[in-house]
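Below is one structure, written out as structure tokens, with a few remarks after it.
There are 2 protein chains.
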Amino acid sequence: MSPADVTSSRTKGNEENIAIQHSPAASASARTLCPHNPNISCASCRLNELCLPIALNKTEIHQLDEIVERNRPYKKGDHLYRQSDEFKSVYAVRSGSFKSYVLSDTGQGRVTGFFLPGEIIGMDGIASKHYANSTQALEHSSICEIPFSQLEKLSHQLPNLQHHFFAIMGNEIAKDQQIHTLLSSYTAEERTASFLLGLSSRYARVSLSPSRFLLPMTRSDIGEYLGLTVETVSRIFTALQRKGLIEVNNREIELLNIDTLRKIIGVD
Amino acid sequence: MSPADVTSSRTKGNEENIAIQHSPAASASARTLCPHNPNISCASCRLNELCLPIALNKTEIHQLDEIVERNRPYKKGDHLYRQSDEFKSVYAVRSGSFKSYVLSDTGQGRVTGFFLPGEIIGMDGIASKHYANSTQALEHSSICEIPFSQLEKLSHQLPNLQHHFFAIMGNEIAKDQQIHTLLSSYTAEERTASFLLGLSSRYARVSLSPSRFLLPMTRSDIGEYLGLTVETVSRIFTALQRKGLIEVNNREIELLNIDTLRKIIGVD
DNA sequence: GCAGAATATTGATTTAGATTAATTCGCAAT
DNA sequence: ATTGCGAATTAATCTAAATCAATATTCTGC
Numbered sequence: 019m020s021p022a023d024v025t026s027s028r029t030k031g032n033e034e035n036i037a038i039q040h041s042p043a044a045s046a047s048a049r050t051l052c053p054h055n056p057n058i059s060c061a062s063c064r065l066n067e068l069c070l071p072i073a074l075n076k077t078e079i080h081q082l083d084e085i086v087e088r089n090r091p092y093k094k095g096d097h098l099y100r101q102s103d104e105f106k107s108v109y110a111v112r113s114g115s116f117k118s119y120v121l122s123d124t125g126q127g128r129v130t131g132f133f134l135p136g137e138i139i140g141m142d143g144i145a146s147k148h149y150a151n152s153t154q155a156l157e158h159s160s161i162c163e164i165p166f167s168q169l170e171k172l173s174h175q176l177p178n179l180q181h182h183f184f185a186i187m188g189n190e191i192a193k194d195q196q197i198h199t200l201l202s203s204y205t206a207e208e209r210t211a212s213f214l215l216g217l218s219s220r221y222a223r224v225s226l227s228p229s230r231f232l233l234p235m236t237r238s239d240i241g242e243y244l245g246l247t248v249e250t251v252s253r254i255f256t257a258l259q260r261k262g263l264i265e266v267n268n269r270e271i272e273l274l275n276i277d278t279l280r281k282i283i284g285v286d
Numbered sequence: 019m020s021p022a023d024v025t026s027s028r029t030k031g032n033e034e035n036i037a038i039q040h041s042p043a044a045s046a047s048a049r050t051l052c053p054h055n056p057n058i059s060c061a062s063c064r065l066n067e068l069c070l071p072i073a074l075n076k077t078e079i080h081q082l083d084e085i086v087e088r089n090r091p092y093k094k095g096d097h098l099y100r101q102s103d104e105f106k107s108v109y110a111v112r113s114g115s116f117k118s119y120v121l122s123d124t125g126q127g128r129v130t131g132f133f134l135p136g137e138i139i140g141m142d143g144i145a146s147k148h149y150a151n152s153t154q155a156l157e158h159s160s161i162c163e164i165p166f167s168q169l170e171k172l173s174h175q176l177p178n179l180q181h182h183f184f185a186i187m188g189n190e191i192a193k194d195q196q197i198h199t200l201l202s203s204y205t206a207e208e209r210t211a212s213f214l215l216g217l218s219s220r221y222a223r224v225s226l227s228p229s230r231f232l233l234p235m236t237r238s239d240i241g242e243y244l245g246l247t248v249e250t251v252s253r254i255f256t257a258l259q260r261k262g263l264i265e266v267n268n269r270e271i272e273l274l275n276i277d278t279l280r281k282i283i284g285v286d
């Protein structure tokens with residue numbers, strides 16, 4: 019705790035707001051925006067309004083910064099952790115994307131989640147002290163690792179952080195229950211439409227285009243996540259394209275008619 | 019505690035509550051053990067080793083006690099809260115059982131969860147400040163209501179409570195992801211077997227028989243939860259019975275061969 | 001105790017999506 | 001450029017579970 023911290027905390031207010039000003043055009047301010055840069059601080063990270071630092075003031079963000087470990091980037095296929103590894107940390111995606119999956123007894127995996135920048139990975143391990151799934155990078159990606167015991171200690175000091183982490187976990191629970199409903203009653207087309215719309219709003223959240231994006235995962239990953247086979251996912255993509263609702267080109271997706279996609283899943 | 023106790027209390031209504039307690043304890047402790055008794059304290063609650071008070075010392079339990087509101091019992095069908103109500107509290111089941119469900123646009127519900135004594139309800143509302151589902155009693159039941167803002171405040175004072183509530187939420191997340199896997203890749207028989215085994219261990223947790231219990235929910239509830247139709251659930255029950263794995267009599271279930279049921283879902 | 005309404009079972013038929021199989025496409029390594 | 005392999009598409013069957021339909025059982029209120 020240096021004197022500099024105290025002084026800088028006096029000047030919060032309007033400085034905080036500057037961080038939010040990432041225009042949709044995302045005109046980069048060079049180094050701080052480089053998504054894989056491992057030396058960026060929470061205070062200057064372009065995701066700090068979506069990630070853990072949300073609702074923290076400058077001093078608090080600095081304290082959080084102290085416990086965050088910024089590892090080297092992960093290559094495609096690298097594992098963050100494996101099923102039943104001892105739980106030690108939760109992770110915030112800084113750039114790239116990850117998938118979580120479990121291996122069934124028959125050897126084939128089932129995908130339990132995808133993670134985009136600003137999202138938190140690993141909360142399934144908190145209770146049992148062992149991760150319930152394996153998680154690997156879908157592309158070249160970078161991560162902020164937050165040792166959980168330290169996060170707990172800090173949460174105890176910072177009510178804002180405690181509150182926010184409760185909210186993050188509550189959000190995960192609510193999201194998982196939506197997926198429960200999706201899997202237990204939606205058709206293949208509804209699941210697929212819902213999946214695409216979900217990705218769309220998650221990309222929008224990090225100021226990327228909600229209507230045009232690259233799928234970081236394979237059709238097979240999508241199928242395992244949605245409880246469908248690869249073939250069905252592929253067929254549904256083609257069908258949605260024929261209906262003029264989307265445009266697919268391998269991993270490139272454009273949503274041409276978001277309203278109609280919404281109608282498919284019963285949102286008017 | 020065997021289901022015989024419950025079935026023998028055919029004289030319904032006000033005698034219902036007596037059914038569960040058959041301890042030869044004195045009348046004074048008889049009152050504190052009565053599961054619907056609204057005046058029981060956390061310190062003397064028979065669930066305090068499974069519920070929120072776990073890992074708290076005497077003083078801490080007393081502090082928790084102060085914020086817990088013990089409402090009148092709920093009748094079958096009574097709602098704890100409804101979808102999109104403002105989130106205010108989480109609830110611990112003291113006796114009986116509850117189901118959470120969401121209504122689809124077509125009016126039919128999908129069940130998102132069942133809750134037995136010692137389990138926590140309502141965490142899906144924490145992030146959005148509105149409950150994401152409706153929750154109602156499946157039978158005559160009682161509840162401890164814990165206003166969330168006060169739980170947060172107290173968690174801030176008691177690191178043990180903060181730690182434990184993180185664990186409860188983490189457990190919910192891990193459980194929801196297991197269900198994700200279940201729904202996305204298991205057959206009707208596997209889902210049903212898994213459901214029965216899950217109930218079994220949850221009953222064991224509250225010192226009830228793991229092999230013989232009453233289902234508090236309808237076949238339709240089970241179907242909506244597992245992503246199956248009523249007819250399929252009924253057929254699977256009959257099939258499992260014919261295989262000699264279970265014995266079903268309307269709501270009464272006996273698991274005759276837990277090992278083989280485990281093998282069905284691929285656990286050896 | 002009885003009537004009507006839920007709840008549950010059982011059977012016949014249909015169907016959405018799985019399975020099987022064959023190509024084609026995309027791209028990383030040479 | 002060429003090769004090789006994982007990823008994706010497309011088509012032809014197959015099947016698990018849904019749907020449709022009828023009946024039986026169990027609860028609930030009067």
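Residue numbers (the numbering used here), protein chains in the order written: chain A, 19 to 286; chain B, 19 to 286. Glycine included, each C-beta is placed from N, C-alpha and C at the ideal position.
Handout entry: Alpha-carbon spacing of Q154/B relative to H181/B, whole angstroms
Key = For the purposes of this step, residue 154/B is taken as residue 136 along the second sequence, with counting starting at 1. For the purposes of this step, residue 181/B is taken as residue 163 along the second sequence, with counting starting at 1. The alpha-carbon atoms of Q154/B and H181/B are separated by roughly 29 angstroms.
Exercise for the section: Just tell me which of L179/B, I283/B, E137/B has its CA closest to the CA of L159/B. Expected result: The residue labelled residue 159/B in the question sits at position 141 within the second sequence. A small correction: the amino acid at residue 159/B is Ser; Leu does not occupy that position in the sequence shown. Answer by Cα proximity: E137/B.
Handout entry: E249/B classed as buried or exposed, judged by whether at least 16 other C-beta atoms fall within 10 angstroms
Key = Position 231 of the second sequence, counting from 1, holds the residue named residue 249/B. Label assigned to E249/B: exposed.
Problem - Cutoff 7 angstroms; reference N151/A; Cβ partners in own chain excluding five residues on either side - result: Indexing the first sequence from 1 puts residue 151/A at position 133. So the list reads Q101, S118, Y119, V120, T130, D142, once near-sequence residues are dropped.
Problem - Burial state of T210/A, where buried means 16 or more other Cβ atoms lie within 10 Å - result: For this step, residue 210/A is matched to residue 192 along the first sequence. It is buried - the Cβ of T210/A has at least 16 other Cβ atoms within 10 Å.
Exercise for the section: For Q81/B, go through chain A and note every residue whose CB falls closer than 8 angstroms to its CB, in chain order. Expected result: In the second sequence, counting from the first residue as 1, residue 81/B sits at position 63. Those do not exist, as Q81/B stays about 16 angstroms from chain A at its closest Cβ, beyond 8 angstroms.
Exercise for the section: Determine, using beta-carbon pairs with one atom in the stretch 253-263 of chain A and one in the stretch 193-212 of chain A, whether at least three such pairs fall under 8 angstroms. Expected result: With the cut-off at 8 angstroms, the stretch 253-263 of chain A and the stretch 193-212 of chain A touch.
Practice task
Have a look at the DSSP bridge pairing and note the partners of S118/A.
Solution key: As a working note, residue 118/A is residue 100 in the first sequence. Partner(s): G131/A, T153/A.
Practice task
Pair every Cβ in the stretch 184-199 of chain A with every Cβ in the stretch 80-93 of chain A, then say whether three or more of these pairs are closer than 8 angstroms.
Solution key: The stretch 184-199 of chain A vs the stretch 80-93 of chain A: no contact.
Handout entry: Euclidean distance between Cα positions of L65/A and R220/A
Key = Reading the first sequence from its first residue, position 47 is the one you call residue 65/A. Reading the first sequence from its first residue, position 202 is the one you call residue 220/A. Spanning the two alpha carbons is a distance of roughly 13 angstroms.
Practice task
Measure the C-alpha to C-alpha separation of E170/A and I191/A and round it to an integer number of angstroms.
Solution key: As a working mapping, residue 170/A is identified with position 152 in the first sequence. As a working mapping, residue 191/A is identified with position 173 in the first sequence. Each residue's Cα considered, the two are about 19 angstroms apart.
Problem - Any C-beta of chain B under 9 angstroms from that of I139/A - result: One-based indexing of the first sequence puts residue 139/A at position 121. Output row for I139/A: interface = no.
Problem - Residues within the stretch 186-197 of chain B neighbouring chain A, beta-carbon criterion of under 7 angstroms - result: M187, G188, N189, E190, I191, A192, D194, Q195, I197
Problem - Member of I264/A, F213/A, A110/A whose CA lies at the smallest distance from the CA of G245/A - result: Within the first sequence, residue 245/A is the residue found at index 227, counting from 1. The shortest Cα separation from G245/A among I264/A, F213/A, A110/A belongs to F213/A.
Practice task
Show which residues of chain A have a CB atom less than 7 angstroms away from the CB atom of D123/B.
Solution key: One-based indexing of the second sequence puts residue 123/B at position 105. Under the 7 angstroms cutoff, chain A gives G284.
Handout entry: Residues that G245/B contacts on chain A, provided the C-beta gap is smaller than 8 angstroms
Key = Counted from its first residue, the second sequence places residue 245/B at position 227. Correct list: L201, S202, S203.
Practice task
Determine the chain A residues that contact N151/B at a beta-carbon separation under 8 angstroms, and present them in chain order.
Solution key: The residue you call residue 151/B lines up with position 133 of the second sequence. Under the 8 angstroms cutoff, chain A gives Q195.
Practice task
For the beta strand (DSSP E) containing P165/B, list its first residue and its last residue.
Solution key: Against the second sequence, residue 165/B aligns to sequence position 147. Start and end: 160-165.
Practice task
Return the chain-ordered ranges of every beta strand (DSSP E) run that is complete within the stretch 165-245 of chain B and spans a minimum of 3 residues.
Solution key: 230-232
Practice task
Out of R269/A, L98/A, L134/A, K94/A, state which residue places its alpha-carbon closest to the alpha-carbon of F231/A.
Solution key: If you number the first sequence from 1, residue 231/A lands on position 213. Distances from the alpha-carbon of F231/A to those of R269/A, L98/A, L134/A, K94/A put R269/A closest.
Practice task
Give me the Cα-Cα distance between S107/A and H148/A, rounded to the nearest whole angstrom.
Solution key: Along the first sequence, read from residue 1 onward, the residue named residue 107/A stands at position 89. Along the first sequence, read from residue 1 onward, the residue named residue 148/A stands at position 130. Roughly 10 angstroms between the two C-alpha positions.
Practice task
Write down the C-beta distance between E157/A and S115/A rounded to the nearest angstrom, noting that I regard them as a contact closer than 8 angstroms.
Solution key: If you number the first sequence from 1, residue 157/A lands on position 139. If you number the first sequence from 1, residue 115/A lands on position 97. Between E157/A and S115/A a beta carbon distance of about 6 angstroms is seen, short of the 8 angstroms cut, so the two are scored as contacting.
Problem - Rounded distance between the beta-carbons of G140/B and Y92/B, thought under 8 angstroms - result: On the second sequence, position 74 is the one that residue 92/B refers to. On the second sequence, position 122 is the one that residue 140/B refers to. Not quite, the Cβ-Cβ distance comes to about 14 angstroms (not below 8 angstroms), so this is no contact.
Handout entry: Residue interval of the alpha helix (DSSP H) (run including V248/A)
Key = Counting from one through the first sequence, the residue named residue 248/A turns up at place 230. 248-260 is the span of the alpha helix (DSSP H), which, as asked, contains V248/A.
Problem - Buried versus exposed call for H97/A [16 or more other C-beta atoms within 10 Å across all chains shown] - result: Taking the first sequence and counting its residues from 1, one reaches residue 97/A at position 79. A residue is called buried once 16 or more other Cβ atoms fall within 10 Å of its Cβ, and H97/A, having fewer, is exposed.
Practice task
Assign S62/A to one of three DSSP states: helix, strand, or coil.
Solution key: Taking the first residue of the first sequence as 1, we reach residue 62/A at position 44. If DSSP states are grouped into helix, strand and coil, S62/A belongs with the helices.
Handout entry: Under 7 angstroms by beta carbon: chain B residues contacting I144/A
Key = The sequence position of residue 144/A within the first sequence is 126, counting from 1. In chain order: F184, A185, G188.
Practice task
For S173/B, count neighbouring Cβ atoms within 10 angstroms of its own Cβ and tell me buried if that reaches 16, exposed if not.
Solution key: Working through the second sequence from its first residue, we reach residue 173/B at position 155. Under this definition S173/B is a buried residue.
Problem - Spatial distance of L201/B from T77/A (CA atoms) - result: Position 183 of the second sequence holds residue 201/B. Position 59 of the first sequence holds residue 77/A. A straight line joining the alpha-carbon of L201/B with that of T77/A spans about 45 angstroms.
Problem - Which of helix, strand or coil DSSP assigns to L273/B - result: Along the second sequence, read from residue 1 onward, the residue named residue 273/B stands at position 255. Looking at L273/B - three-state DSSP - the assignment turns out to be strand.
Handout entry: Paired residues, beta bridge with I282/B - DSSP
Key = In the second sequence, the residue the question calls residue 282/B occupies position 264. BP columns for I282/B are empty, so no partner.
Handout entry: E265/B in three-state terms, based on DSSP
Key = Here residue 265/B refers to the residue found at position 247 of the second sequence. Strand, per DSSP.
Practice task
Work out the CA separation of T205/B and S113/B for me, nearest whole Å.
Solution key: The residue labelled residue 113/B in the question sits at position 95 within the second sequence. The residue labelled residue 205/B in the question sits at position 187 within the second sequence. When rounded, the distance between both Cα atoms is 32 angstroms.
Practice task
Kindly indicate which three-state DSSP category E87/A falls into: helix, strand or coil?
Solution key: For the purposes of this step, residue 87/A is taken as residue 69 along the first sequence, with counting starting at 1. In this structure, E87/A counts as strand in the three-state DSSP scheme.
Problem - DSSP beta-bridge partners of A110/A - result: For the purposes of this step, residue 110/A is taken as the residue at position 92 of the first sequence. I138/A, C162/A, per the DSSP bridge assignment.
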